[in-house]
Amino acid sequence: MTTNHPSEPLLRRYARGDADLPADQLWAVEAHLETCAPCRGRLAPEPIAEAVWAELLPQLDSTPQMPRSRRRYGWVSPAAGPWLAAILLVTAAAVVLDRIGFAVGDRVSVVLLVAPVLPVLGVAASWSRALDPAYELTAATPRAGLPLVFRRTAAVLGVLVPGLTIAGLVTDVGFARWLLPCLAFTLGTLALGTLVGVTRAAVALIAAWAVVIVAPTIAFTRTSTAFDAEAAPVWAGVLAVSVVVIVLRRMTFTRLEANR
Amino acid sequence: MTAPTTYAWEIATENLRVKAGRRMAVDGVTLKMGRGVHGLLGPNGAGKTTLIRALATVLEPAAGELHLLGGMESRELRKRVGYLPQEFGHYKRFTVREFVAYVAWLKEMRDIPAATQRAIDRVGLADRADDRMKTLSGGMIRRVGIAQAIVNDPEILLLDEPTAGLDPAQRLRFRELLTELGTDACVVVSTHLVEDVAAACTDVVLLSQGKLVFQGTPADLTGQGAEHHPGDSPIERGYSAVLGLPDRPGTW
């Protein structure tokens, strides 16, 4: 097979990227270069281009990379940060009150008293329209929905449960007594939130806490029966119903209705 | 160059009805919108925000049909939508970069740092990228809002009152940006500044009391008006004519 190798001037014009090189010639040279190694070798490096590259390379290496954000937002809702801090503060305050035997007498633990209501605040901060300014933006994104709900709730519990565990050890309150009510209130807020909006759900559950747990404690100066071992199945039932409701109504977290 | 789409219209609604609370705020709207900039006009309470929320899929339509990008699965669809709500809530402690990156994360994007930088550059906030949001002026906050909406190069871009709080020079720049975005996306801009629509939109949609009263080019809208209609410019007179506003100064 005889091949016409491109002429020296043509090859130089191609290498320079001349704009006036006719398209048919350009294609012919390009197609030829793909199959002909010797001609590729004839594409001698342009001295000027070499010089420019030599000058540019160090600069390219030192081009700053796009700065990464230092803030972690994968789990904790940006609106919930201060609330999580508040939760830990309240826990610490409850421990102090218990230690000095203040408030509602010696037979009642303040830590136990506040345990159920603390996660409600964290969950509300993650989803409520009143507390999260960017709720509408968040609801419109693909990540909105059950996975984000569980991430943010896990973040709340991830702060709360270790805090309460330590508080429980210090004040000698059993793990088993507060964990179930705490989880039931957490998921209960979300489940009720899918029906009436998280803000209203939080308000309703805080009211329920005041009536069912705080009021009897003050009235009889003894810990509410809600924390007795016999009440555990009730809490477990609330927990189970809540999970079912959340899963069934999961789409509301992708809409504005859950933020009400 | 963009690949051909497999649907006729980016946004197509058929007799769409959407509730805002108990009120039927969008009441039987049939619309078709393709690429370009669509100005959504109408008096306060006409249903503009409710319509945009329905298009952003955060409100469920009460009745009618809504097809976005040919009826795509919701999560995939949302990756291709940009949305600036009317009340653009933000986190004051975040820097501009952190906030835009956070939204990019919510939109499940890859290569978030580069996309964030690009979006911030496009709204001209590169020099303030690492400043906290609480130090920005109202107009700059608005531009952060636009940056977070375009960070994913959306195919449908929904902007609810984006020009509120922008000074005249920024509004001119914003119109240029709109024209640029409208070449390969379907941009819906709600506004009550009729002159913004005249300058930057390829198409006008006029709502009144939840109903569609006009869809056409800005020139068509101008053509509706006559000398006796109230308004300071031809297109404002067209707007008044379509809405049937009375020519009585001093009435609301």
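Chains as they are written, first to last, in my numbering: chain A, 1 to 260; chain B, 1001 to 1252. Cβ coordinates follow ideal geometry from the N, Cα and C atoms, glycine included.
{"Check": "What are the boundary residues of the alpha helix (DSSP H) that A:His32 is part of?", "Outcome": "Ala23 to Thr35"}
{"Check": "Taking B:Asp1203 as part of the beta strand (DSSP E), name the residues at either end of that continuous run.", "Outcome": "Asp1203 to Ser1208"}
{"Check": "The alpha helix (DSSP H) with A:Tyr261 in it runs from where to where?", "Outcome": "Nothing can be reported for residue 261 of chain A, as the shown portion of chain A is limited to 1 through 260."}
{"Check": "Chain A beta carbons: is any one of them nearer than 8 Å to that of B:Thr1057?", "Outcome": "yes"}
{"Check": "Have a look at B:Arg1078 and A:Asp18 and give me their C-alpha separation to the nearest angstrom.", "Outcome": "45 Å"}
{"Check": "Between B:Thr1222 and the rest of its own chain, which residues show a CB-CB distance below 6 Å, the 5 nearest in sequence each way excluded?", "Outcome": "Pro1234, Ile1235 and Gly1238"}
{"Check": "Note down, in chain order, each residue of its chain lying with its Cβ closer than 6 Å to the Cβ of A:Ala191, except the 5 sequence neighbours on either side.", "Outcome": "Ser242, Val245 and Ile246"}
{"Check": "Could you tell me which residues DSSP puts in a beta bridge with B:Ile1156?", "Outcome": "B:Val1081 and B:Cys1186"}
{"Check": "With a threshold of 8 Å between beta carbons, is B:Lys1048 in contact with chain A?", "Outcome": "no"}
{"Check": "Mind checking A:Ala176: buried by the 16 CB within 10 Å criterion, or exposed?", "Outcome": "exposed"}
{"Check": "Which partner residues of B:Thr1013 appear in the DSSP bridge assignment?", "Outcome": "B:Leu1031 and B:Leu1066"}
{"Check": "In chain A, which residues lie less than 9 Å from B:Trp1009 when you measure between Cβ atoms?", "Outcome": "Here the premise fails: no neighbours, minimum Cβ distance about 21 Å."}
{"Check": "Within the continuous beta strand (DSSP E) that includes B:Leu1212, where are the two ends?", "Outcome": "Lys1211 to Gly1216"}
{"Check": "When DSSP labels each residue in this structure, what does A:Arg222 get in the three-state scheme?", "Outcome": "coil"}
{"Check": "Any beta carbon of chain A sitting closer than 8 Å to that of B:Met1001?", "Outcome": "Note on B:Met1001: pLDDT 43, under 50, position unreliable in the model; the coordinate value appears next. Answer no: the Cβ-Cβ gap between B:Met1001 and chain A never drops below 8 Å."}
{"Check": "Restricting to Cα atoms, I'd like to know which of B:Leu1193, B:Ala1147, B:Leu1158 and B:Asp1127 is closest to B:Ala1168.", "Outcome": "In the sequence on display, residue 1168 of chain B carries Pro and not Ala. B:Pro1168 has its Cα closest to that of B:Leu1193, out of B:Leu1193, B:Ala1147, B:Leu1158 and B:Asp1127."}
{"Check": "With a 10 Å radius around its C-beta and 16 neighbouring C-beta atoms as the bar for buried, classify A:Ile100 as buried or exposed.", "Outcome": "exposed"}
{"Check": "Consider the Cβ of A:Arg143: report whether some Cβ of chain B lies at a distance smaller than 8 Å.", "Outcome": "yes"}
{"Check": "Anything in chain A within Cβ reach of B:Gly1089, meaning under 8 Å, just list it in chain order.", "Outcome": "Asp132, Pro133, Ala134, Tyr135, Glu136 and Leu137"}
{"Check": "Give me the subset of the stretch 241-256 of chain A whose CB atoms are less than 8 Å from a CB atom of chain B, sorted by chain position.", "Outcome": "Thr254, Arg255 and Leu256"}
{"Check": "How would you label B:Phe1094, buried or exposed, when you count the other beta carbons within 10 angstroms and need 16 or more for buried?", "Outcome": "buried"}
{"Check": "Indicate the three-state DSSP secondary structure (helix, strand or coil) for B:Lys1019 in the structure shown.", "Outcome": "strand"}
{"Check": "Are the C-beta of B:Phe1094 and some C-beta of chain A separated by less than 8 Å?", "Outcome": "yes"}
{"Check": "For B:Arg1097, which residues of its own chain have a beta-carbon under 7 Å away from its beta-carbon, when the five flanking residues on both sides are left out?", "Outcome": "Thr1116, Ile1120, Ala1129 and Asp1130"}
{"Check": "In three-state terms, what does DSSP make of B:Ala1025?", "Outcome": "strand"}
{"Check": "Counting C-beta neighbours from all protein chains within 10 Å, is the total for A:Ile48 16 or more, i.e. buried, or is it exposed?", "Outcome": "exposed"}
{"Check": "Measuring only between beta-carbons, confirm whether B:Glu1065 sits less than 8 Å from chain A.", "Outcome": "no"}
{"Check": "Can you give me the Cβ contacts of A:Trp209 inside the same chain, cut-off strictly under 8 Å, excluding the 5 residues immediately before and after it?", "Outcome": "Pro116, Val117, Val120 and Phe185"}
{"Check": "Taking the alpha-carbon of B:Gly1210 as reference, which of B:Ala1198, B:Ile1141 and B:Ala1020 has the nearest alpha-carbon?", "Outcome": "B:Ala1020"}
{"Check": "Let me know if B:Lys1048 comes out buried or exposed under the rule of 16 or more other beta-carbons within 10 Å of its beta-carbon.", "Outcome": "buried"}
{"Check": "Grab me the residues of A:Tyr14's own chain with a C-beta within less than 6 Å of its C-beta, minus the 5 sequence neighbours each way, in chain order.", "Outcome": "Val29"}
{"Check": "Check the Cβ-Cβ distances between B:Tyr1102 and every residue of chain A, and say whether any is below 8 Å.", "Outcome": "yes"}
{"Check": "Comparing C-alpha positions only, which one of A:Arg255, A:Ala155 and A:Leu179 sits nearest to A:Thr165?", "Outcome": "A:Leu179"}
{"Check": "Hey, is the stretch 87-97 of chain A in contact with the stretch 130-142 of chain A, meaning 3+ C-beta pairs nearer than 8 Å?", "Outcome": "no"}
{"Check": "Rounded to the nearest angstrom, what separates B:Thr1030 and A:Ser224 at their Cα positions?", "Outcome": "58 Å"}
{"Check": "Which chain A residues are close to B:Lys1260, counting only those with a beta carbon under 8 Å from its beta carbon?", "Outcome": "Given a span of 1001 to 1252 for chain B in the structure shown, any question on residue 1260 of chain B remains unanswerable."}
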